[in-house]
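Trainee: If you count the sequence shown from 1, position 29 lands on 54 in my numbering, and the numbers rise without skipping.
Note that beta-carbon positions come from the ideal geometry of N, C-alpha and C, so glycine has one too.
Given the structure is predicted, the values throughout are model-derived calculations rather than measurements.
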Amino acid sequence: MHTSDFIEEMKQRLLEEKKALAGEVKESSEFPDYGRSEEENADEVADYQALKATNSAASQRLAEIDAALEAIEKQTYGVTEDGTIIPEDRLRANPAATTVIS
Numbered sequence: 026m027h028t029s030d031f032i033e034e035m036k037q038r039l040l041e042e043k044k045a046l047a048g049e050v051k052e053s054s055e056f057p058d059y060g061r062s063e064e065e066n067a068d069e070v071a072d073y074q075a076l077k078a079t080n081s082a083a084s085q086r087l088a089e090i091d092a093a094l095e096a097i098e099k100q101t102y103g104v105t106e107d108g109t110i111i112p113e114d115r116l117r118a119n120p121a122a123t124t125v126i127s
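Listed below in structure tokens is the structure:
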């Protein structure tokens, strides 16, 4: 199992990333308004689609972070579904990791 110091370090990293992503999701949820010309309207639609994709990826990552934080609370953090311990270097690379890379 992982040490309590390591788990606390990962928890702080997860909380920091969650805070940063929460701001990103909020910013990307608004439809841009550049003006009324056809070109400006086309730019608005293109930018909104890009923002929507970013918002979707950020929302998915937030869900992964929330699951990792919940695992910390349940004292199951750093272990795969089949009980394999996830190596610390894997968790340092991705604190929300739920699998082991072979």
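Please identify the residue among D114, A45, D58, N66 whose C-alpha is closest to the C-alpha of F31.
Mentor: Working through the sequence shown from its first residue, we reach residue 31 at position 6. Ranking the options by Cα distance to F31, first place goes to D114.
Trainee: In whole angstroms, what is the alpha-carbon distance linking M35 and P120?
Mentor: Sequence index remark: in the sequence shown, residue 35 carries index 10 (1-based). Sequence index remark: in the sequence shown, residue 120 carries index 95 (1-based). Cα to Cα, M35 sits roughly 6 Å from P120.
Trainee: Kindly indicate which three-state DSSP category I110 falls into: helix, strand or coil?
Mentor: Residue mapping note: residue 110 aligns to position 85 of the sequence shown, counting from 1. It is a strand residue.
Trainee: Could you check where the alpha helix (DSSP H) with Q100 kicks off and where it finishes?
Mentor: As a first step, residue 100 is located in the sequence shown; it is residue number 75 there, counting from the start. Note, Q100: premise wrong, no alpha helix (DSSP H); not H, not E.
Trainee: Identify which residue in S29, E63, L39 has its Cα closest to the Cα of A88.
Mentor: Taking the sequence shown and counting its residues from 1, one reaches residue 88 at position 63. Residue L39 is the option with its Cα nearest to A88.
Trainee: Decide if I126 is buried, meaning its Cβ has at least 16 other Cβ atoms within 10 Å, or exposed.
Mentor: In the sequence shown, residue 126 corresponds to position 101, counting from 1. By the neighbour-count rule (16 or more Cβ atoms within 10 Å), I126 is not buried but exposed.
Trainee: Pull the bridge partners of V104 from the DSSP assignment, please.
Mentor: Translated into the one-based positions of the sequence shown, residue 104 becomes position 79. DSSP, once it has assigned bridges, lists I110 as partnering V104.
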